[in-house]
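*Asks:* Residue numbers (our numbering), protein chains in the order written: chain U, 12 to 141; chain G, 5 to 448.
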Amino acid sequence: MPRILIIDDDADIVEAMRVVLEKRGYQVIIAVDGNEGLDKARAEKPDAIILDVMMPGLDGFEVARELKGDPQTKHISILMLTAIKDKTGFDFQKETSDPDWLPVDDYCNKPLDYEILLEKIDHFVRNKKR
Amino acid sequence: MKSLPRDNAIETKQVEQVFWLTRLRWVAVLGVFATIFTVSRFFQVSLEVRPLYTVAVFLAVYNGLFAWLVAVLQGRRFYKTMKLIANLQILLDLTCLAFLIHFSGGVENPFYFYFIFHIIIAGILLSRRETFILATYAVLIFLVIILAEQRGLLRHYCLPGVFKVSLHENFIYVLGVSFVFVSTMYIATYLTTSISNRLRERERSLTDANELLAEKDRIKSEYVLRVTHDLKEDLAAIHTCIEPVRKGLTGPLNDEQTNLLGRAKERSKQLIVYVDALLEITRLKLTEKLEMVEFSVAELIREIADSIAPVASQKSLTFEVRISPGIPLLKGVRVYVQEALLNILKNSLKYTLEGGQVTLQVQSDGQRLQVKVTDTGIGVPPEDLPKIFTEFYRARNAKALYKKGTGLGLSIAKKIVEMHRGEIGIESRLGKGTCVSFAIPLIS
């Protein structure tokens, strides 16, 4: 069963995603902050990671850079959840095209559209990098 | 840090006043030339015009020099230098006037009252102390001239044709004029500086009050931003939890369950739209400095047109984009300009009935970017038009057509346009259509 790691500090959103992903046949691992996320990514080697941007402590950007810089975890696809326009006002679509700026594989806007989320996760798992 | 804007404002004012003084002096130069010419030509007063014209030319020359100096120094924040220049100018003006009077009859020339004008100007521009010093200088130089002329130590330039007797030799008359002159000068100094001190104090307290208000407004905005942000987080969580159930991702639902959850989802979505708009305008209010970069407007317009076109065709609206070729790059914040334009366009689409038309026109005169959004929509009632850019304000007919709306779209657009030093305007005819247009400098 493919395993998905969710790194997000909002318990309700995590719970909703867990239900949906499990129904789809994924095994879900949960981390409630950036540090726990890094530990679990290294220990569990999930097939894909769903990563929230805004988290207290280590934020999504830092976690993504750390994961992509680590040979153990750099092959794992990351889907970033963003409501980032609220705080910074930049255009996410443009910025993600620059891998140096933000090393994630794809992103999803909040509030979530589950069809898009599932489609992207399915795609990651199907085309899993070795 | 807090007193910085006020210091800047005072400095700017100082520079403006020195400019004003220079402009005023050009008028005086013209006046002096005209008076000498008129009096010597058309009245039976035989003046020795050469020394008079020399003084007038001197006046013109140093005014030109000062104008140049002020233009060079302007913007370099030479507050003290500006003050010194103003002092020096008035000193020279007083000297010129004294010479003009000396060469045209001395005590017999009633133009000595003109010294008062210089004192009024000094009272407006300078401190009370400086004004008193200048008044004393004027008094001294005038008294020296008339007393020296009375004593015969200085040549007296007569005004034949005006006076039958030589007034300048009459000691009592000279003494009388001296007394009236001295008292008038000091009274004028006292009154002018009293008035201008009071005005300055009031200006200062108004500036302080304004700063306090701005600070309070900023604190309020920060509070609104925090609260709205928390609201949005909860709303997003509600939405995220309802959606999988409504879509049947957790198991099949019956029609009634789907119906009710659909309603819940719609309401939460509306709230999210509202909170988003509130976040947007609050964030804009709190933004102090913009990171402006050059970008292609044409490309932005194409992107916007692509995103708007499907919405328009869904409502059977004709959506037309007219963009003039060769629009230069715009220096600004791309996402903000996009936001402003989308807000205006979305309004037009929302309030134009099916089958109508929305046109986006973009052009440039080389200096400014000009954007115009015209629709054949429901229009804005004339009585609502002046308030249409006010936050949360919605026109009556708009509320009647759609109960829901944030009333923030146009306020956000206005704020963004103003942040780019532009102007926004609206024209509308009820039932016929609306045209919202804005212009922003290409290099803001």
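For every residue, glycine included, the Cβ atom is placed at its ideal position computed from N, Cα and C.
Taking Cβ positions only, does A8 (chain U) come closer than 7 angstroms to chain G?
*Replies:* Nothing about residue 8 (chain U) can be reported from this structure: the residues present for chain U run from 12 to 141 only.
*Asks:* Apart from the five residues just before and just after Q38 (chain U), which ones in its own chain have a Cβ nearer than 6 angstroms to its Cβ?
*Replies:* Taking the first residue of the first sequence as 1, we reach residue 38 (chain U) at position 27. For Q38 (chain U), where only same-chain residues beyond five positions count, the Cβ hits under 6 angstroms are M12, R14.
*Asks:* Using the Cα positions of N91 (chain G) and A142 (chain G), report the straight-line distance between them to the nearest angstrom.
*Replies:* For this step, residue 91 (chain G) is matched to residue 87 along the second sequence. For this step, residue 142 (chain G) is matched to residue 138 along the second sequence. So the alpha carbons of these two residues sit roughly 13 angstroms apart.
*Asks:* When you check each C-beta in the region 238 to 249 of chain G against every C-beta of chain U, which residues fall closer than 7 angstroms?
*Replies:* Under the 7 angstroms Cβ criterion, the region 238 to 249 of chain G contributes A240, A241, H243, T244, C245, E247, P248.
*Asks:* Name the chain G residues that come within less than 8 angstroms of V31 (chain U), Cβ to Cβ?
*Replies:* Residue mapping note: residue 31 (chain U) aligns to position 20 of the first sequence, counting from 1. What V31 (chain U) touches in chain G: P248, L253, T254.
*Asks:* Looking only at C-alpha atoms, which of G:G381, G:K335, G:R206, G:T211 sits nearest to H424 (chain G)?
*Replies:* Against the second sequence, residue 424 (chain G) aligns to sequence position 420. Looking at the Cα atoms, G:K335 is the closest of the given residues.
*Asks:* Tell me, please, whether the region 47 to 59 of chain U touches the region 268 to 286 of chain G by the rule of three or more beta-carbon pairs shorter than 8 angstroms.
*Replies:* no
*Asks:* Please look up how many angstroms separate the CB atoms of I60 (chain U) and I89 (chain U), rounded, as I've assumed it's under 8 angstroms.
*Replies:* For this step, residue 60 (chain U) is matched to residue 49 along the first sequence. For this step, residue 89 (chain U) is matched to residue 78 along the first sequence. Yes, I60 (chain U) and I89 (chain U) are in contact; Cβ-Cβ is about 5 angstroms, under 8 angstroms.
*Asks:* Using a Cβ-Cβ cut-off of 6 angstroms (strictly less than) and excluding sequence neighbours within five positions of N46 (chain U), which residues of its own chain qualify?
*Replies:* The residue labelled residue 46 (chain U) in the question sits at position 35 within the first sequence. These residues qualify, in order along the chain: L69.
*Asks:* Please go through the same chain and pick out, in chain order, the residues whose beta-carbon is closer than 7 angstroms to the beta-carbon of H160 (chain G), but skip the five residues on each side of it.
*Replies:* Reading the second sequence from its first residue, position 156 is the one you call residue 160 (chain G). Excluding positions up to five away in sequence, the list reads G110, E153, H172.
*Asks:* Considering only residues of the same chain and omitting the five flanking positions on each side of K408 (chain G), which have a CB-CB separation below 7 angstroms?
*Replies:* In the second sequence, residue 408 (chain G) corresponds to position 404, counting from 1. Taken in chain order, the residues that qualify are Q274.
*Asks:* Can you find the residues in the same chain that come closer than 7 angstroms, C-beta to C-beta, to I94 (chain G), ignoring five residues on each side of it along the sequence?
*Replies:* Taking the second sequence and counting its residues from 1, one reaches residue 94 (chain G) at position 90. H122, I125, A126, L138.
*Asks:* Is I24 (chain U) close to chain G? Criterion is C-beta to C-beta, closer than 7 angstroms.
*Replies:* On the first sequence, position 13 is the one that residue 24 (chain U) refers to. Between I24 (chain U) and chain G, the shortest Cβ-Cβ separation is below 7 angstroms.
*Asks:* At 7 angstroms on the CB atoms, spell out the chain U contacts of I276 (chain G), in chain order.
*Replies:* Looking up residue 276 (chain G) in the second sequence gives position 272. Result: P122.
*Asks:* Tell whether a beta-carbon distance below 7 angstroms holds between V74 (chain U) and G48 (chain U).
*Replies:* The residue you call residue 74 (chain U) lines up with position 63 of the first sequence. The residue you call residue 48 (chain U) lines up with position 37 of the first sequence. Yes, Cβ-Cβ distance for V74 (chain U) and G48 (chain U) is below 7 angstroms.
*Asks:* Since I believe L321 (chain G) is in contact with Q361 (chain G) (beta carbons under 8 angstroms), could you give me their beta-carbon distance rounded to a whole number of angstroms?
*Replies:* As a working mapping, residue 361 (chain G) is identified with position 357 in the second sequence. As a working mapping, residue 321 (chain G) is identified with position 317 in the second sequence. Indeed, because the Cβ distance is near 7 angstroms, the residues count as touching under 8 angstroms.
*Asks:* Closer than 8 angstroms is the cut-off here; do at least three beta carbon pairs connect the region 305 to 314 of chain G with the region 428 to 447 of chain G?
*Replies:* no
*Asks:* Under DSSP, the alpha helix (DSSP H) around V74 (chain U) begins and ends at which residues?
*Replies:* Along the first sequence, read from residue 1 onward, the residue named residue 74 (chain U) stands at position 63. V74 (chain U) -> alpha helix (DSSP H) spans 71 to 80.
*Asks:* How is the beta strand (DSSP E) around M91 (chain U) delimited, first residue to last?
*Replies:* As a working mapping, residue 91 (chain U) is identified with position 80 in the first sequence. Per DSSP, M91 (chain U) is one residue of the beta strand (DSSP E) stretching across 88 to 93.
*Asks:* To the nearest angstrom, report how far apart L229 (chain G) and L364 (chain G) are at their CA atoms.
*Replies:* Along the second sequence, read from residue 1 onward, the residue named residue 229 (chain G) stands at position 225. Along the second sequence, read from residue 1 onward, the residue named residue 364 (chain G) stands at position 360. For L229 (chain G) and L364 (chain G), the distance between alpha carbons rounds to 32 angstroms.
*Asks:* Verify the CB distance criterion: does K34 (chain U) have a CB-CB separation below 7 angstroms to chain G?
*Replies:* Against the first sequence, residue 34 (chain U) aligns to sequence position 23. So, interface residue.
*Asks:* When you compare each of G:L357, G:G383, G:A316, G:F103 to V4 (chain G) by their alpha carbons, which one comes out closest?
*Replies:* With chain G running from 5 to 448 in the structure shown, residue 4 (chain G) is simply not present.
*Asks:* If contact is defined by three or more beta carbon pairs under 8 angstroms, each pair taking one atom from either stretch, is the region 170 to 185 of chain G in contact with the region 214 to 225 of chain G?
*Replies:* no
*Asks:* Is the CB-CB distance between I40 (chain G) and V31 (chain G) below 7 angstroms?
*Replies:* As a first step, residue 40 (chain G) must be located in the second sequence, where it is residue number 36. As a first step, residue 31 (chain G) must be located in the second sequence, where it is residue number 27. The Cβ atoms of I40 (chain G) and V31 (chain G) do not sit closer than 7 angstroms to each other.
*Asks:* Do you know offhand how far E307 (chain G)'s Cα is from L333 (chain G)'s?
*Replies:* Your numbering for residue 307 (chain G) matches position 303 in the second sequence. Your numbering for residue 333 (chain G) matches position 329 in the second sequence. In a straight line, the C-alpha of E307 (chain G) is about 16 angstroms away from that of L333 (chain G).
*Asks:* Are the region 434 to 441 of chain G and the region 374 to 388 of chain G in contact at 8 angstroms, needing three or more beta carbon pairs?
*Replies:* yes
*Asks:* Whole angstroms is fine: what's the gap from L345 (chain G)'s alpha carbon to G411 (chain G)'s?
*Replies:* Taking the second sequence and counting its residues from 1, the one referred to as residue 345 (chain G) is at position 341. Taking the second sequence and counting its residues from 1, the one referred to as residue 411 (chain G) is at position 407. L345 (chain G) and G411 (chain G): Cα-Cα distance of roughly 16 angstroms.
*Asks:* Rounding to the nearest angstrom, what Cα-Cα distance links V59 (chain G) and P114 (chain G) in this structure?
*Replies:* Here the question's residue 59 (chain G) lines up with position 55 in the second sequence. Here the question's residue 114 (chain G) lines up with position 110 in the second sequence. Their backbone Cα atoms lie some 18 angstroms apart in a straight line.
*Asks:* Measure the C-alpha to C-alpha separation of Q342 (chain G) and K350 (chain G) and round it to an integer number of angstroms.
*Replies:* The count along the second sequence starts at 1 and reaches residue 342 (chain G) at position 338. The count along the second sequence starts at 1 and reaches residue 350 (chain G) at position 346. Approximately 12 angstroms between the Cα atoms of the pair.
*Asks:* Chain G partners of D21 (chain U), CB-CB under 9 angstroms?
*Replies:* Locating residue 21 (chain U) in the first sequence gives position 10, counting from the first residue. Near D21 (chain U) (Cβ distances below 9 angstroms), the residues of chain G are E237, A240, A241, T244.
*Asks:* Under the DSSP definition of a beta bridge, which residues are partnered with K139 (chain U)?
*Replies:* In the first sequence, the residue the question calls residue 139 (chain U) occupies position 128. According to DSSP, which records beta bridges pairwise, K139 (chain U) is partnered with nothing at all.
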